[in-house]
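First up is the structure itself, then whatever we jot down about it.
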Amino acid sequence: MLNTSTSLFLRLSKLSTKHIVILKDSRICLTTISNRMVDITFKGHGDRYDGITVDSDVEPCQLPAFLKRLQASLEQWKKEKKRTIWFRISLPYASWIPILTENGFKFHNAREHHVTLYRWLSDDEFCNVPPYAHTLLGVGAFVYRENTNEVLVIKERHSPIVTLWKLPGGYLEPGENISDAAVREILEETGIQAEFKSLVTFRHGHKYAFGCSDIYMIAYMVPQTFEIQKCNQEISECIWMKLNEYAEHPEVHENNKEFARHFIDFLNHRKSIVVSYERHPLSKEPICVYSISTCIYLEYFIDISSVSWIDNYCTSYIDI
């Protein structure tokens, strides 16, 4: 009498080669199906917050297949306990956007050539995705000639109030340092090459362009050239004006008059916000560190006796 093991062996030995090949092919087929399941999901790249970012330029997908691939990916990411899913979509794949919004994605930010949407997947935590950058940063400058006590001032061609004298300057570009932006804007608007020295003051406000908050830095700069070559597209007038005159001029906004008062105070007491260029201890990326310091490079003191408001404004500071 055969035992169970022997009986099973004999029955298996009667399988034809054809059956064995079929069994082998079935295993290959199952493996292929498993691999295909991986292929139909987006891979993306992870971040330290257990999120995934999918870039349409890195993982392109034609529209007819996008919905199925998205749903398979979301199912997989939920199993993996991912938290935030980001889709960065360039213009050629803008047709993805309606499908994403129909599947719970929200807009986060946009640039000229791409838009980023996100979906919070976690059911155990509240959504803590930070809002996109909400503050604009601009810089204006007192480009100051010590020997003549003059500053460079402009009138904008397309300003709502074209009659006002203001400081040259503008918004920072992405990835641009404050000092570099100041140098660039002065050159573009006035043709004057100037060296950034320090920051004197700044203004912070809300509900500016695009509904954003706004920080406006005021820099002290030293001109390296003096012949004005204004940008005719943006600037209607550009002149060197006496600092005392600018501080009291009827065609200067009160905010800029206050900046002028702070600048005169700076000239007499030589304390401002200087920059040092360092590297972040973790990312090793270059950073700018600003701190209040005495500016030893100033040797000129403005004659404050000619400014009518000075007694009321800074009596407590006149100790030189």
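Read left to right, the sequence shown gives residues 1 to 320 (full-length UniProt numbering).
Built from N, CA and C at the ideal position, the CB exists for glycine as well.
Please read all numbers here as calculations on a predicted model, not as lab measurements.
For the pair aspartate 50 and tryptophan 77, the Cα-to-Cα distance works out to about 10 Å. No residue range can be given for alanine 209, since it is assigned to no beta strand (DSSP E) and is classified by DSSP as neither H nor E. Separation of the CB atoms of glutamate 150 and tryptophan 240 is rounded to 4 Å, and the pair is thereby assigned contact status at 8 Å.
Cβ-Cβ distances below 7 Å link alanine 182 to Val139, Ala141, Gly169, Phe196, Ala219 and Met221 in the same chain, with the five nearest sequence neighbours on each side left out; the list follows chain order. Taking every protein chain shown into account, the CB of valine 58 has fewer than 16 other CB atoms within 10 angstroms, so this residue is exposed.
Per DSSP, valine 153 is not a residue of any alpha helix (DSSP H); the beta strand (DSSP E) it occupies stretches across 150-156.
Excluding its 5 nearest sequence neighbours in each direction, phenylalanine 266 has C-beta neighbours in its own chain below 6 Å: Val200 and Ser272, listed in chain order.
Under the DSSP definition of a beta bridge, asparagine 244 lacks any partner. Going by DSSP, threonine 101 is part of the alpha helix (DSSP H) stretching over 96-102. By the neighbour-count definition (other C-beta atoms within 10 Å, threshold 16), serine 95 is an exposed residue. In the three-state scheme derived from DSSP, where H, G and I count as helix and E and B as strand, aspartate 57 is classed as coil. Inclusion of leucine 100 and leucine 74 in the CB contact set at 7 Å is not warranted, their separation being larger than that value.
Aspartate 55 sits away from arginine 83, with the two beta carbons spaced by 7 Å or more.
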